[in-house]
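Peer 1: Dropping the structure in here first, questions after.
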Amino acid sequence: MPRPGLPKLIATDLDGTLVRSDNTVSDFTHQTLDRVRAAGIPIVGATGRGPRLTELTRNDIRAADFLVMAGGGRVVDQTEPAGPLVLLDERLAGPVLAELLALLEDAVGPLTVMVEASDLPGAPLWGDHDPSWPYQDAFEARSRHECLGTDVIKAFVRTANHDVDVLLATAREIIPPTSASLTQAGLGFIEICPPGVDKATGLSVVAQSLGVDPAEVLVFGDMPNDLPMFDWAGWARVAVSNAHPAVRSIADDVTLRNDDDGVAVYLDRLLSR
């Protein structure tokens, strides 16, 4: 259960948690986050979105002092007067990813693979076309050879023959954490990130820069890629009611769903009590 008083740092996932199903964030949510900052509590947007979506992310969580992006691989301090400061930028080498994909395909069969390689604003993902991918306007078909010819921020992988949670469990049996960090964020694809990269490691960079203990951090989330920060944070771990069962199972509390501004409702009550 939440501790008395107020946390010293608040981090929230975006898609499915803070952001509603119509890809908007309510005025009530923005206003509530402004009240949090006015109370002296730093805010972190912790998202799987890559740096190519930085401006969209800043618009969705305007009050954020820090951004933890790419599932923990990119950490940005937005409080610097001179402009945003990148505190962490991790990549996965193309040849290493090629080896991991070969191991996985040996076990589960042919994979659909997309990679996020560019951090230029609005840059597309590269790889195999898949009609189930929800963001077709930000995709560019490229060969596997082209995709693996550079370091990548992360890779998205799926097979039509496996549920995403089953594929994730299988991949974790095959790929050791020393080679890559594996998760899924509700898009139907597993995500292959650099080793040691997750939302908890990204938040650790923020917490250390602020001198905040994990026991003083409140987090909100909805999908398995939020589990590491749920394990890490100690003040309270709050799931929205539309969260994945694995997230709900370890949450200290459950708030309203994202479409009902669950994060803002929880924070409003917290600030008002």
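FYI, the numbering for the sequence shown is 303 to 575, going by the numbering used here. We put the beta carbon where it would ideally sit given N, CA and C, even for glycine. Computed from a prediction, not measured in an experiment: that's the story for all the values here.
Quick check on residue 539: does DSSP put it in helix, strand or coil?
Peer 2: DSSP places residue 539 in strand when its eight states are reduced to three.
Peer 1: Starting from residue 428 and walking both ways along the beta strand (DSSP E), at which residues does that stretch end?
Peer 2: 427-429 is the extent of the beta strand (DSSP E) around residue 428.
Peer 1: Measure the C-alpha to C-alpha separation of residue 461 and residue 423 and round it to an integer number of angstroms.
Peer 2: Computed Cα separation, rounded: 29 Å.
Peer 1: Along the chain, where does the alpha helix (DSSP H) containing residue 471 start, and where does it finish?
Peer 2: Counting along the chain, the alpha helix (DSSP H) containing residue 471 begins and ends at 466-476.
Peer 1: Taking three-plus beta-carbon pairs below 8 Å as touching, is the segment 408-424 in contact with the segment 449-460?
Peer 2: With a cut-off of 8 Å, the segment 449-460 and the segment 408-424 count as touching, because enough Cβ pairs lie within range.
Peer 1: Looking only at its own chain, which residues have a Cβ that is under 6 Å from the Cβ of residue 530, when we skip the five neighbours before and after it?
Peer 2: Counting only Cβ-Cβ distances below 6 Å, and skipping sequence neighbours, we find 500, 501, 502.
Peer 1: Rank 308, 312, 327 by C-alpha distance to the C-alpha of residue 508 and give the top, closest one.
Peer 2: The shortest Cα separation from residue 508 among 308, 312, 327 belongs to 312.
Peer 1: Are the segment 376-383 and the segment 531-547 touching, with three or more C-beta to C-beta distances below 8 Å?
Peer 2: Because the criterion of three Cβ pairs below 8 Å is not met, the segment 376-383 and the segment 531-547 do not touch.
Peer 1: Roughly how many angstroms separate the alpha carbons of residue 491 and residue 435, rounded to a whole number?
Peer 2: When rounded, the distance between both Cα atoms is 9 Å.
Peer 1: Please give the ranges of any alpha helix (DSSP H) in the segment 352-388, keeping only runs that are unbroken, at least 4 residues long and fully inside the region.
Peer 2: Counting only runs of 4 or more, we get 356-362.
Peer 1: What are the boundary residues of the alpha helix (DSSP H) that includes residue 415?
Peer 2: Here residue 415 belongs to no alpha helix (DSSP H); instead the beta strand (DSSP E) covers 414-418.
Peer 1: Given a cut-off of 8 Å on the beta-carbon distance, is the pair residue 392 and residue 496 in contact?
Peer 2: Cβ distance < 8 Å, so residue 392 and residue 496 count as in contact.
Peer 1: According to DSSP, simplified to helix, strand and coil, what is residue 567?
Peer 2: Correct three-state label for residue 567: helix.
Peer 1: Below 8 Å between beta carbons: does that hold for residue 558 and residue 549?
Peer 2: In this structure, residue 549 does not lie closer than 8 Å to residue 558 by Cβ.
Peer 1: With a Cβ-Cβ cutoff of 8 Å, do residue 366 and residue 345 count as a contact?
Peer 2: Contact: yes.
Peer 1: Helix, strand or coil: how does DSSP classify residue 552 here?
Peer 2: Residue state, collapsed to three classes: helix.
Peer 1: Skipping 5 residues on each side, what residues in its chain have a beta carbon closer than 6 Å to that of residue 537?
Peer 2: Only 305, 309, 518, 519, 520 meet the Cβ criterion.
Peer 1: By how many angstroms is the C-alpha of residue 359 removed from the C-alpha of residue 349?
Peer 2: Looking at the two C-alpha atoms, the distance is approximately 8 Å.
Peer 1: Are the beta-carbon atoms of residue 374 and residue 450 separated by less than 8 Å?
Peer 2: Contact flag unset, no.
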